[in-house]
Structures are given as C-alpha cells and as structure tokens.
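All the letters of the sequence shown, read from the start, carry residue numbers 385 to 784 under our numbering.
Note that the Cβ used here is the ideal one computed from N, Cα and C, for glycine as well.
A short write-up of the structure that comes next.
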Amino acid sequence: MSRRLRKERKIVKFEPVSVRELLTNMKTYSDLMLDLSYSALLFSDEELIEWVMELEEQVDRFGYQLLMTLSLAVRDKDDAEAAVGLFRVASSANRISDAAADIAELVHKGRPVDPLIKGVFNYVEEHLVRAKVAPESVLQCRTIDYVWEELGANVDVIALRRGTEWTVNPRADITICPGDIVFVRGSDKETSMFLEIATGGPTLPSTYSGEKPETGLARALLELKERSEFMISLAYASVTYQDSELAQEVEELEQRVDEDCDRVLKEVMSLPDVDINRKWGLVGVVFAAEEIADAAWEMAQVQLRGLPTHEIMTSVMRDAEDIVARLVVEPGSVLDGKTLDELALDDTHGIYVQSVKREGMWFHRPRGEMLLKAGDILVVDGYKRGLEELRAIMGGAQNE
C-alpha cells in the first residue's frame with residue numbers, strides 16, 4: 385500500500401557510521417514504529433501518525449547508509465556471503481517499518497476505523513504509553529536509572545522525543561528534561577504509575593482492554609497480528625543462533641499466514657452492510673500482517689540458504705533493548721518444574737516465552753499451564769534489563 389504522508393526526502397550521502405549501529409537502529413526503530421502505529425490506529429491520533437512517518441524516513445536513511453558501508457567493506461567472497469545475511473536482515477527491518485507506516489496511514493485525515501480493528505488492537509499484553517514530562521515532575525533533570533532504582537517504576541523506557549529529535553533505546557544515564565516526551569511499556573499498573581510521576585497529576589483510566597476476542601473476524605485478525613509479530617521474534621532468533629529448525633518453523637508459519645490472509649480477505653469482502661472505507665481499513669490490516677510475516681520469512685532465508693551469520697548480528701541483538709534470547713532449563717533451576725503462569729515472567733521481568741522445544745518438538749506460543757522441565761529450550765523475547773535479571777537468578781552462564 386502506498387503512503388502519501390511522506391515529507392520531502394533528505395539527500396542521502398555516505399557517513400562513517402558502523403554497520404552494527406545502523407542495523408541496531410533499523411531493528412529498534414522498526415519495532416517502535418509497530419507499537420506507535422497500533423496506538424495511532426487505536427486512538428485515531430494524527431500526531432502519532434506523523435511520528436511514525438518521521439521514523440520511517442529515518443529507517444530508510446539507515447538502510448541506504450548500511451548499503452553503502454557494506455559495499456565498501458566487501459573484499460572477497462567470504463565477505464560477500466556474510467554481507468548478504470546482513471542485507472537480508474536490514475531489508476526485513478525496512479519492510480516492517482513500511483508495514484507500520486501502512487497501518488498508521490489507515491486512520492489519516494479522519495478516515496473511519498472499523499470497530500473490529502479497534503477491538504483487535506485494544507487487546508495487548510503490554511501497554512505502550514507516552515508522557516510529556518511536566519516542569520514540576522520529579523523526573524526533571526533525573527536519569528532513566530532514577531526511574532528504575534529510586535522510584536521503583538517497573539517500566540521499559542523505549543524512546544524519548546525532545547523537540548524534533550528522537551532517542552530510541554536511550555541509555556540508562558540519559559537525563560530527562562521538562563517537555564521531553566517519554567515512551568514506556570509495561571503493565572497497566574506500572575504505566576499508570578509512571579504517567580502520574582511524569583505529568584505530576586492523576587491519570588485517566590486505561591483505554592486498553594484485557595479481553596481477548598474469542599470468535600469471528602476479530603479473532604482471525606488478532607491471530608494474524610500476533611502470529612506475524614511472533615514470526616519476527618523467531619526469525620531474529622534463527623539468524624542470531626544459526627538455528628535452521630527455527631528458520632524452518634518461520635517458513636511453515638509464513639505459509640499458514642498466506643492461507644489465513646486469503647481466508648480473512650474473502651470474509652472481509654463478503655461482509656454485509658459495511659461501506660467500502662471500513663472494508664479498506666480491514667484489508668489494510670491484513671496486508672500489513674502479511675508484509676510483516678514476509679519480512680520474517682526473508683530473514684529466515686539467511687539460515688535456510690546456508691549463509692553465515694555475521695558476528696555483527698550477535699552484537700546487534702546484544703545492543704538492542706528489545707531482544708530475543710534462548711534459555712535452557714537446567715535441572716533444579718528456578719524454571720524447572722514450574723508452569724509459565726506460576727513463573728509469571730512477563731509480570732516480574734517483562735519476558736515473554738514465545739516457543740518451547742522439548743524432545744525435538746516445538747510448542748509455539750505456549751499456554752500458561754505448560755509445565756517446564758529440565759532440558760527444555762525456551763525462545764524468549766523482552767527487554768534486556770529483564771533478561772539480565774532472569775539470567776542472574778538462573779545462574780546465566782549456561783544460557784545464551
């Protein structure tokens with residue numbers, strides 16, 4: 385789907401920026417864009433739409449810079465093979481950012497948003513909120529570390545906007561100033577606490593819902609959204625850990641998404657008494673989910689085609705704030721013999737178990753009642769700080 389909100393393009397020229405920094409930025413920015421685009425659609429927020437488009441322009445520029453930098457770095461066939469994998473990952477991140485921009489534009493200029501779409505995006509496991517730091521806030525002239533250590537706010541600070549400048553994945557020692565717009569993610573309770581601290585006043589009740597659509601078209605759309613995002617986590621893990629089994633899982637899931645998209649599109653087009661603009665919005669959500677799934681498939685091809693994983697990829701995943709990791713359940717560890725509900729890793733550490741491998745079989749998006757056993761291999765995603773906490777109590781050396 386084309387976008388018509390883009391501002392005048394900036395001229396791209398070579399700049400001496402490392403591939404690691406560029407690729408880290410592309411991953412982090414595209415992840416943030418998805419969150420912002422969902423919020424823009426849910427709240428019909430024109431300002432968020434503009435910000436999504438700004439970030440998309442940044443991702444495009446990072447992509448050009450990465451292409452030029454890698455072109456200069458390739459000296460022989462080994463370099464060329466390693467560079468292809470990095471190109472693929474960068475291309476995937478770019479496709480994700482394009483899909484996010486498509487989602488955001490669905491609500492541009494007062495276009496009606498079908499209630500089904502709002503119902504889908506209203507269900508979230510974590511809340512993304514933004515807060516403009518008030519002059520009287522205790523956060524002024526404090527660091528992000530202060531938010532965690534002194535205030536005890538268990539939120540992840542994913543971005544900061546100061547004037548027209550973005551700082552994505554900000555360092556813990558960055559100073560927060562009055563007027564800064566801070567984006568954080570966490571539970572309803574924790575994000576509400578942060579909003580009150582940042583704005584200096586009480587907050588309105590959350591508009592997010594914990595109710596998951598169980599049947600019908602809304603359920604099918606939610607499945608497409610969740611599955612495509614889940615595939616991105618698996619794809620990053622397959623490249624980072626050179627895991628061909630995970631890559632194969634991504635390929636099989638991509639085929640399922642294609643089939644589901646066809647089925648959902650037919651259902652949308654056959655909806656009675658729904659005007660064309662509302663149908664177009666539903667179609668746009670389906671196309672975006674398919675594009676995200678295709679981006680995951682493209683990334684997984686790095687492993688399936690036997691291309692080497694460049695060491696930079698490991699650095700990128702280490703540097704990114706939202707990371708994918710693989711954990712092994714050791715005998716007698718805090719994970720052994722506990723259900724996912726009992727562990728509540730999402731509440732305590734902001735970590736989500738995406739897949740469990742047991743005796744050669746994969747269990748994707750496992751239910752809360754699943755009992756973990758020694759030898760299980762978990763693919764998890766979440767925030768670096770939470771993963772570090774979890775590894776510390778696990779004795780982390782044996783986990784990657």
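First through last residue of the alpha helix (DSSP H) which encompasses residue i
i    : result
D644 : S628 to M653
G600 : G600 to T624
Y576 : Sequence check: residue 576 is Ser here, not Tyr. It spans D572 to T583 - the alpha helix (DSSP H) in which S576 sits, taken as one unbroken run.
E714 : Premise fails: E714 is in no alpha helix (DSSP H) and is neither H nor E.
P499 : P499 to F505
V531 : I528 to E533
Residue i, enclosing beta strand (DSSP E) - first and last residue
i    : result
T412 : Segment V403 to F427 is the alpha helix (DSSP H) holding T412; no beta strand (DSSP E) there.
M745 : M745 to H748
K516 : H511 to K516
Per-residue DSSP class, three states only, for residue i
i    : result
V473 : helix
V443 : helix
I560 : strand
L774 : helix
R479 : helix
R689 : coil
R742 : strand
H492 : helix
Q699 : Note on residue identity: the sequence assigns Ser, not Gln, to residue 699. Helix.
S521 : coil
G536 : coil
A680 : helix
I660 : helix
D486 : helix
D730 : helix
L588 : Because L588 sits at a pLDDT of 46, beneath the cut-off of 50, its placement in the model cannot be relied upon, and the following sentence gives the value as read from the coordinates. Residue state, collapsed to three classes: coil.
E675 : helix
K461 : helix
E399 : coil
V667 : helix
V718 : coil
Beta bridge counterpart(s) of residue i as assigned by DSSP
i    : result
D765 : V708 and Y736
I433 : DSSP lists no partner for I433.
A543 : V552 and F567
L755 : T723
Residue i versus residue j - alpha carbon distance
i    : j    : result
D498 : D657 : 13 Å
L605 : V458 : 43 Å
L727 : L439 : 36 Å
G766 : D460 : 37 Å
Y625 : M697 : 10 Å
S475 : E674 : 15 Å
D529 : L544 : 14 Å
S571 : D429 : 22 Å
A464 : G690 : 13 Å
P589 : E405 : Because the pLDDT at P589 is just 47, under 50, the model does not fix this residue reliably, and the value given afterwards should be weighed accordingly. So the two alpha carbons sit approximately 38 Å from each other.
G759 : V623 : 22 Å
L762 : I395 : 44 Å
R569 : D415 : 12 Å
A488 : G752 : 32 Å
A582 : I565 : 9 Å
A781 : R775 : Caution is warranted here: a pLDDT of 43 is assigned to A781, below 50, making its placement in the model unreliable, and the coordinate value is therefore given only provisionally. Approximately 8 Å between the Cα atoms of the pair.
R710 : A556 : 25 Å
E549 : K650 : 43 Å
D444 : S717 : 44 Å
G536 : E574 : 9 Å
Y592 : H492 : Its pLDDT being 49, under 50, Y592 is placed unreliably in this model, and the value from its coordinates should be taken loosely. Going from the Cα of Y592 to the Cα of H492 covers about 21 Å.
A477 : A679 : 7 Å
G520 : S612 : The sequence as given places Glu at residue 520; Gly does not occur at that position. So the two alpha carbons sit approximately 42 Å from each other.
R495 : N661 : 8 Å
F505 : L425 : 8 Å
E441 : S421 : 14 Å
V669 : V436 : 16 Å
D725 : E743 : 22 Å
For residue j and residue i, believed in contact at Cβ under 8 Å, the rounded distance
i    : j    : result
T723 : M754 : 6 Å
P562 : A631 : 47 Å between Cβ atoms; not a contact.
V686 : R479 : That pair is no contact at about 14 Å.
T453 : N553 : About 20 Å; that fails the 8 Å criterion.
E638 : M615 : 7 Å
V700 : T408 : 5 Å
L450 : V403 : 6 Å
M410 : F446 : 5 Å
L771 : I707 : 6 Å
S739 : L618 : 7 Å
D646 : L512 : The pair is not a contact, with the Cβ atoms about 31 Å apart (cut-off 8 Å).
L560 : R514 : With the sequence shown as reference, residue 560 is identified as Ile, and Leu is not the correct amino acid for it. Their Cβ separation, rounded to whole angstroms, is 13 Å, which puts I560 and R514 out of contact at 8 Å.
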